[in-house]
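Quick mapping for you: the protein sequence lines, in order, are chains G and H.
In case it helps, the numbering used here puts the first sequence at residues 1 to 226.
In case it helps, the numbering used here puts the second sequence at residues 1 to 226.
Protein chains: 2
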Amino acid sequence: MFKETKTHEVTTDVVIFTIKDGKLKVLLVRRAHEPFKGKWAIPGGFIRISETIDAAALRILKEKTNVQNIYLEQLYTFGDPLRHPTARVITCAYFALIRSDDIVLSFEDNSEITEVEWHPVYNLPPLAFDHKEIIEYSLKRVRERLEFCPIAFQLLPEKFTLTELQKSYELILDKKLDKRNFRKKFLALSILKELDEYTKSGSKRPARLYSFNEITLNSKRGHFFS
Amino acid sequence: MFKETKTHEVTTDVVIFTIKDGKLKVLLVRRAHEPFKGKWAIPGGFIRISETIDAAALRILKEKTNVQNIYLEQLYTFGDPLRHPTARVITCAYFALIRSDDIVLSFEDNSEITEVEWHPVYNLPPLAFDHKEIIEYSLKRVRERLEFCPIAFQLLPEKFTLTELQKSYELILDKKLDKRNFRKKFLALSILKELDEYTKSGSKRPARLYSFNEITLNSKRGHFFS
DNA sequence: ATTAAATAGTGTATTTTGTACAAGTATATT
DNA sequence: AATATACTTGTACAAAATACACTATTTAAT
Chain G
1 MFKETKTHEV TTDVVIFTIK DGKLKVLLVR RAHEPFKGKW AIPGGFIRIS ETIDAAALRI
61 LKEKTNVQNI YLEQLYTFGD PLRHPTARVI TCAYFALIRS DDIVLSFEDN SEITEVEWHP
121 VYNLPPLAFD HKEIIEYSLK RVRERLEFCP IAFQLLPEKF TLTELQKSYE LILDKKLDKR
181 NFRKKFLALS ILKELDEYTK SGSKRPARLY SFNEITLNSK RGHFFS
Chain H
1 MFKETKTHEV TTDVVIFTIK DGKLKVLLVR RAHEPFKGKW AIPGGFIRIS ETIDAAALRI
61 LKEKTNVQNI YLEQLYTFGD PLRHPTARVI TCAYFALIRS DDIVLSFEDN SEITEVEWHP
121 VYNLPPLAFD HKEIIEYSLK RVRERLEFCP IAFQLLPEKF TLTELQKSYE LILDKKLDKR
181 NFRKKFLALS ILKELDEYTK SGSKRPARLY SFNEITLNSK RGHFFS
């Protein structure tokens, strides 16, 4: 298919999750050029020759969201020769969880892209390349991680209610959880700091606010929810 | 460090585990050339331009061990620009578990290599590149997998005793397990076929032989040992 | 034939973890 | 004051994990 003398291109793509408008969303960019011109894709780019892969992924993340210091994990490397129609592009995919508040999406004068937007994970538009598969695999991985460590805290503000925390789990796992069991389990882990503050009851009964203790993962069995 | 016009090279390295002489071992090759001439390394090679990464890893595995149809899983992609002293080489690492019996190690007239040998995982020689890190990470992953699915069966012969099975778990997890609990748990999973055969008591009391049913993973919670 | 040595095999009691499930409490609104 | 809404809390049961010690079968030695 390709000449053996042709070289591989190596990129990184980053699946960026957030919770916005009560939905789990991923950041997508609209492609300005072929292949897949006009199609939505997950943000990505070439890995520079003297840059670690992690650094490249962080760079992509920062270009689009201006966010740094975030949970970013290498997901999988996708390298089917047919995943790109005209070149051999191997992509090392990452995923990240961020809070969507105080984030300004940007193109950064990037002629590669005509739009940047959050899209509901459970209702995606047609995507370029194998990006649908990449997102699905990310979601699977996030769910696995959630069983072991409360990475959902990346999605929440500094101070949050237990209901908000539970909601973030429900959005990721895509199922309802029992309120009493959820609280019991979480409080038993003693990773939450109970604050003496309450939501300024915009609605009904104010809810107590919590924050995370410095995260020290690996509780005995490490499992959270299944 | 490198000129931005220089291209990445992309390889795959495969950590191959086996149990031999009552020890958990990995397959290492001795490098014939610089860099790290004469040092031990895990087997690897360039990914061909029209080959999937999985296919490349399987090819490497077959070149060295003549084994096919084996549990092979992508581990992680290592891409630190400093991991190779003179080039930018990104490697997509895999790991595999195989039975060491009926395996003939081979160089396949490969001038890259002067030796191929099994080495105890818990007592490795100095290794080329970041291969020590890759092996350590493989081991971590194998342990994680072991909690969910009985991949240890890849290490055992067709017919085996419960003691042998337990031993393989103990070697990988590097700790003793309780015999009665181990058996109870495994038998409850009904993935074992109890045979009407026994070890031809080379030593003391003969032990019953078992084989695996067709593996259907994902029992309810999926966990085995911690 | 008896005994010793080695490995195989087995069951119960306790603790921990997971799950199912419903009523009372604090605030805002009317 | 009554009502609506979201917040908070505990117990009983089931399932899973863990701790723990003796008997059984064979070979080898006397």
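Ideal Cβ placement from N, Cα and C applies to all residues, glycine included.
Note that the structure is a prediction, hence the values are computed from the model and not measured.
Cβ-Cβ distances below 7 angstroms link residue 169 of chain H to 146, 152, 177 and 225 in the same chain, with the five nearest sequence neighbours on each side left out; the list follows chain order. For residue 179 of chain G, the uninterrupted alpha helix (DSSP H) run begins and ends at 179-188, by DSSP. Using a Cβ distance threshold of 9 angstroms, residue 117 of chain G and residue 205 of chain G do not count as a contacting pair. In the structure shown, the three-state DSSP call for residue 55 of chain G is helix. Using a Cβ-Cβ cut-off of 7 angstroms, residue 10 of chain H is close to 8, 10 and 90 of chain G, given in chain order. Residues of the stretch 65-81 of chain H with a C-beta less than 7 angstroms from any C-beta of chain G: 74, 76, 77, 79, 80 and 81, listed in chain order. Cβ-Cβ distances below 6 angstroms link residue 70 of chain H to 96 and 98 in the same chain, with the five nearest sequence neighbours on each side left out; the list follows chain order. Against chain G, the CB of residue 112 of chain H has no partner CB under 9 angstroms away; the residue lies outside that interface.
The C-beta distance from residue 57 of chain G to residue 14 of chain G rounds to 5 angstroms, short enough to fall under 8 angstroms. A Cβ-Cβ contact shorter than 9 angstroms links residue 171 of chain H with residue 24 of chain H.
With a beta-carbon spacing of about 16 angstroms, residue 28 of chain H and residue 19 of chain H fall beyond the 8 angstroms limit used to define contacts. According to the DSSP assignment, residue 30 of chain H belongs to the beta strand (DSSP E) that extends over 23-31. Considering only G/49, G/100 and G/165, the residue with the shortest C-alpha distance to residue 185 of chain G is G/165.
Within the stretch 188-202 of chain G, no residue places its CB atom closer than 9 angstroms to a CB of chain H. About 14 angstroms separates the CB atoms of residue 211 of chain H and residue 187 of chain H; that is not less than 8 angstroms, and the two are not in contact.
In this model, residue 129 of chain G and residue 142 of chain G are separated by some 22 angstroms (Cα to Cα). Between residue 52 of chain G and chain H, the shortest Cβ-Cβ separation is below 9 angstroms. Taking one beta carbon from each stretch, the stretch 77-94 of chain G and the stretch 45-54 of chain H have 3 or more pairs nearer than 8 angstroms; the two touch.
For residue 47 of chain G, the residues of chain H that pass the 8 angstroms Cβ criterion are 8, 79 and 90, in the order they occur in the chain. The beta-carbon separation of residue 161 of chain H and residue 114 of chain H, rounded to 38 angstroms, does not stay under the 8 angstroms limit for a contact.
Per DSSP, reduced to three states, the secondary structure at residue 169 of chain H is helical.
By a beta-carbon distance limit of 8 angstroms, residue 91 of chain G contacts residue 12 of chain G. Their separation comes to about 6 angstroms. Per DSSP, the continuous alpha helix (DSSP H) segment holding residue 142 of chain H begins and ends at 131-148. For residue 128 of chain G, the three-state secondary structure derived from DSSP is coil.
Residue 160 of chain H sits in a strand when the DSSP states are folded into three classes. Comparing C-alpha distances from residue 209 of chain G to each of G/197, G/203 and G/202 shows the shortest one belongs to G/197. Judged by beta-carbon spacing, residue 59 of chain G lies within the 9 angstroms limit of residue 45 of chain G, meaning their Cβ atoms are closer than that value. Distance from the CA of residue 106 of chain H to the CA of residue 67 of chain H, rounded to the nearest whole angstrom, comes to 11 angstroms. The C-alpha of residue 174 of chain G lies about 47 angstroms from the C-alpha of residue 126 of chain H. In this structure residue 150 of chain H is buried. Its beta-carbon is surrounded by 16 or more other beta-carbon atoms within 10 angstroms. Under the DSSP assignment, residue 88 of chain H falls outside any beta strand (DSSP E); it carries neither an H nor an E label. Straight-line spacing of the CA atoms in residue 86 of chain H and residue 47 of chain G works out to 18 angstroms.
Assignment of residue 74 of chain H by DSSP, reduced to helix, strand and coil, places it in the strand class. Under a 10 Å Cβ-count criterion, residue 139 of chain G is classified as buried, with 16 or more other Cβ atoms of the shown protein chains found around its own Cβ. The continuous beta strand (DSSP E) containing residue 198 of chain H extends over residues 192-198.
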